[in-house]
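Q: Let me give you the structure first, and then I'll get to my questions.
Protein chains in written order, with my numbering: chain Z, 18 to 264; chain U, 3 to 224.
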C-alpha cells in the first residue's frame with residue numbers, strides 16, 4: 018500500500034509551520050495509522066532527515082495522548098475513536114492523507130503534531146478532587162449510589178482528556194471536557210461538598226485559559242473517542258445557574 | 003467571583019433569542035390577516051396595527067423587542083470575536099460537515115443575513131409608519147393608517163417579494179439551530195426532552211420560514 022502524507026512540520030512554537038509532503042510505500046492495511054507514521058519516521062532516519070514529532074502512549078485508546086487532525090477530522094475519518102485505533106484499511110491505496118496538529122489558542126504547538134494541552138490540567142486542578150477522610154477506607158456500602166447515577170458519573174468520567182472536542186470545535190470551546198469533569202464528581206455524593214465551588218472555579222479557569230464559548234454545533238460529541246454526550250454541557254450550564262444562586 | 007462571560011453572554015443570547023421566537027409567532031399570526039379577502043383584510047389589518055401602536059403595554063413590549071434585537075446582535079458579535087481568538091489558525095482541511103450541520107457552523111453568517119433583512123424590513127414599514135420617514139402612508143375609511151396599503155404596494159414589486167421570501171431561508175435555519183440550542187444554554191439537559199425540543203424547533207422553524215416566506219407571494223398574486 019502506498020500513500021502520500023501531507024504532514025504539518027513546525028520546528029518551534031514561534032516559527033511558522035507548513036505542510037510537508039511525504040510519499041510512503043511498503044504499508045499494509047493492517048497497520049495502524051501510528052505504525053504508518055512510525056514506518057515513515059524509520060525511512061526518514063535512514064535518509065538522515067528530520068523525523069515527525071507526534072505523541073502517543075498506550076496505543077489502545079485509553080490514554081488520550083495521540084490526537085491529531087486527519088483529513089479534516091479529529092482522530093481521523095471515523096466517529097468516536099482515537100487516532101491510535103485508526104488503521105490504514107480506512108484509506109485507499111494512493112490516497113493523500115493530510116495530518117495537522119490540534120488547532121486552538123489554548124493548545125499551542127510545541128513541535129510538528131505535538132501540542133501543549135496543560136490548559137486541561139489547570140482546569141482539572143481547580144476542582145477535580147473531593148474532600149475525603151484519610152486513613153482506612155470506609156465501609157463500601159456506607160454510601161449508596163443508585164445505579165443510574167453511578168452510570169451517568171462513569172460515562173462522564175470516561176473522558177480521557179485527548180482534546181478532540183476543543184480541536185474540532187470552531188470556537189475551541191472546552192465545554193465538553195470541563196462539563197464531563199464537573200458532572201463526573203458533582204453527580205456523586207462524594208463530590209457534593211465542593212459542588213458549587215467546583216463549577217465556579219473550573220469554568221472560571223476554562224475562561225482564563227482562553228477557550229471559546231459553546232455554540233452547540235455538536236461536533237465534539239461526534240469526535241469524542243468516549244462518546245461523551247453534549248447534554249453534559251447543558252447540565253454544566255444548569256449547574257452553573259445553581260452555583261450562582263446557591264453557591 | 004466575577005461574571006463568567008462564557009456563560010453570561012450565551013445566556014443573554016439564548017434569553018433574547020427565545021423572546022424573539024415568541025414575538026415571531028405573534029407577528030406571523032398577524033400576517034395571516036393578509037391572506038383574507040381584501041375587503042375584510044384591509045380594515046382588520048389596519049385596526050390591528052393601530053391598536054398595537056396605541057397600546058401602552060405594547061409600547062413596553064416594543065422597547066423590549068428593540069433591546070432584545072440589539073443585545074442579541076451585540077453579544078453574538080462579542081462571542082464571535084472571542085471565539086475567533088480562541089481559534090486563531092484554521093485547519094488546512096476541515097471536514098466539519100461530517101460531524102455537524104452547516105447551519106450550526108455558520109450561525110454568525112446566517113444571523114448577519116437576517117440582520118440585513120431586518121434593516122430593510124424596518125426601513126420598509128417601521129420607518130414609514132412609526133417614524134414618518136419617506137412617503138406618508140394613506141389613511142383608510144375608518145381613520146386608521148393604511149398599513150395594508152403599505153404592505154400591498156410593497157409586494158407589487160417582485161424584487162421585494164423575492165427578497166422577503168429568499169431571506170426566510172436563513173431565518174428558518176437560524177431558528178432551527180437557535181431554538182433547540184437556547185434550551186441547552188439555559189440548562190435544560192433531559193435527554194429525551196432535548197430530542198422533543200429538537201423536533202419542536204424543526205417544526206417551528208419550518209412554519210415560520212414557510213409562513214413568512216409565502217405570504218408576500220400570495221399578496222403579490224392577489
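Yeah, the Cβ is synthetic: ideal placement off N, Cα and C, and Gly gets one too.
For the beta strand (DSSP E) containing residue 22 of chain Z, list its first residue and its last residue.
A: Taken as a continuous stretch (DSSP letters only), the beta strand (DSSP E) holding residue 22 of chain Z covers 20 to 26.
Q: What residue does the beta strand (DSSP E) around residue 120 of chain U start on, and which one ends it?
A: Careful: residue 120 of chain U lies outside any beta strand (DSSP E), inside the alpha helix (DSSP H) at 109 to 123.
Q: Quick one: using the 10 Å Cβ neighbour count with 16 as the cut-off for buried, is residue 208 of chain U buried or exposed?
A: Exposed, since its Cβ has fewer than 16 Cβ neighbours within 10 Å.
Q: Which residues in the same chain have their Cβ closer than 8 Å to the Cβ of residue 117 of chain U, if we skip the five residues on either side of it in sequence?
A: Cβ neighbours of residue 117 of chain U beyond the five flanking positions: 75.
Q: What do you get for residue 104 of chain U, buried or exposed, if any count of 16 or more other CB atoms within 10 angstroms of its CB means buried?
A: With fewer than 16 other Cβ atoms within 10 Å, it is exposed.
Q: Between residue 163 of chain U and the rest of its own chain, which residues show a CB-CB distance below 7 Å, the 5 nearest in sequence each way excluded?
A: Only 157, 218, 219 and 222 meet the Cβ criterion.
Q: With contact counted as at least three CB pairs below 8 Å, one residue from each stretch, are the stretch 229 to 243 of chain Z and the stretch 168 to 181 of chain Z in contact?
A: Short answer: they touch.
Q: Helix, strand or coil for residue 153 of chain Z, going by three-state DSSP, please let me know.
A: Correct three-state label for residue 153 of chain Z: coil.
Q: Can you give me the C-alpha to C-alpha distance between residue 215 of chain U and residue 218 of chain Z, rounded to a whole angstrom?
A: Answer to the nearest angstrom: the Cα atoms are 47 Å apart.
Q: Taking a Cβ distance cut-off of 9 Å, strictly less, list which residues of the stretch 17 to 31 of chain U are near chain Z, in chain order.
A: Those would be none; no residue qualifies.
Q: Among residues of its own chain, excluding the 5 on either side of residue 98 of chain Z, which ones have a beta-carbon nearer than 6 Å to its beta-carbon?
A: If we look at residue 98 of chain Z and ignore the five residues flanking it on each side, its Cβ neighbours are 92 and 242.
Q: Near residue 25 of chain Z, what residues of its chain come up, given a Cβ to Cβ distance below 7 Å and the 5 sequence neighbours on each side ignored?
A: Closer than 7 Å at Cβ, skipping near neighbours: 34, 36, 116, 117, 118, 129 and 130.
Q: If you follow the alpha helix (DSSP H) that residue 216 of chain Z is part of, which residue opens it and which one closes it?
A: Its alpha helix (DSSP H) spans residues 212 to 225.
Q: Which whole runs of the alpha helix (DSSP H) in the stretch 165 to 218 of chain Z are 4 residues long or more, in chain order?
A: If we require 4 residues or more, the alpha helix (DSSP H) runs fully inside the stretch 165 to 218 of chain Z come out as 181 to 185 and 192 to 203.
Q: So what's residue 181 of chain U in DSSP terms, helix, strand or just coil?
A: It is helical.
Q: Since residue 90 of chain Z meets chain U, which of its residues come closer than 8 Å, beta carbon to beta carbon?
A: Under the 8 Å cutoff, chain U gives 97, 100 and 101.
Q: Who are the Cβ neighbours of residue 54 of chain Z in its own chain at under 7 Å, not counting the five residues just before and after it?
A: 69 and 71, listed in sequence order.
Q: Anything in chain Z within Cβ reach of residue 194 of chain U, meaning under 8 Å, just list it in chain order.
A: Near residue 194 of chain U there are no residues of chain Z at all, since even the closest Cβ is about 10 Å away, more than 8 Å.
Q: Under 7 Å Cβ-Cβ, which residues of chain Z neighbour residue 90 of chain U?
A: Correct list: 122.
Q: So with CB distances below 7 Å, who are the chain Z contacts of residue 7 of chain U?
A: Going along chain Z in sequence order, the residues near residue 7 of chain U (Cβ under 7 Å) are 224.
Q: Can you tell me which of the three DSSP states residue 8 of chain U falls into?
A: Here residue 8 of chain U sits in helix by DSSP.
Q: Taking the alpha-carbon positions, what's the residue 33 of chain U to residue 148 of chain U distance?
A: Using only the alpha carbons, I get a separation of about 15 Å.
Q: Rounded to whole angstroms, what's the CA-CA distance from residue 27 of chain U to residue 40 of chain U? Just pull it up for me.
A: Between residue 27 of chain U and residue 40 of chain U, the C-alpha separation is close to 23 Å.
Q: I believe residue 152 of chain Z touches residue 211 of chain Z by the beta-carbon criterion, under 8 Å. Please report the beta-carbon distance rounded to the nearest angstrom.
A: No, residue 152 of chain Z and residue 211 of chain Z are not in contact; Cβ-Cβ is about 20 Å, not under 8 Å.
Q: Pull the bridge partners of residue 117 of chain Z from the DSSP assignment, please.
A: In the DSSP output, where bridge partners are listed per residue, residue 117 of chain Z has Z/86.
Q: Following the continuous beta strand (DSSP E) through residue 41 of chain Z, name the residue where it begins and the one where it ends.
A: First-last of the beta strand (DSSP E) with residue 41 of chain Z: 35 to 41.
Q: Which same chain residues, not among the five before or five after residue 205 of chain Z, have their C-beta less than 6 Å away from its C-beta?
A: Excluding sequence neighbours, residue 205 of chain Z sits near 170.
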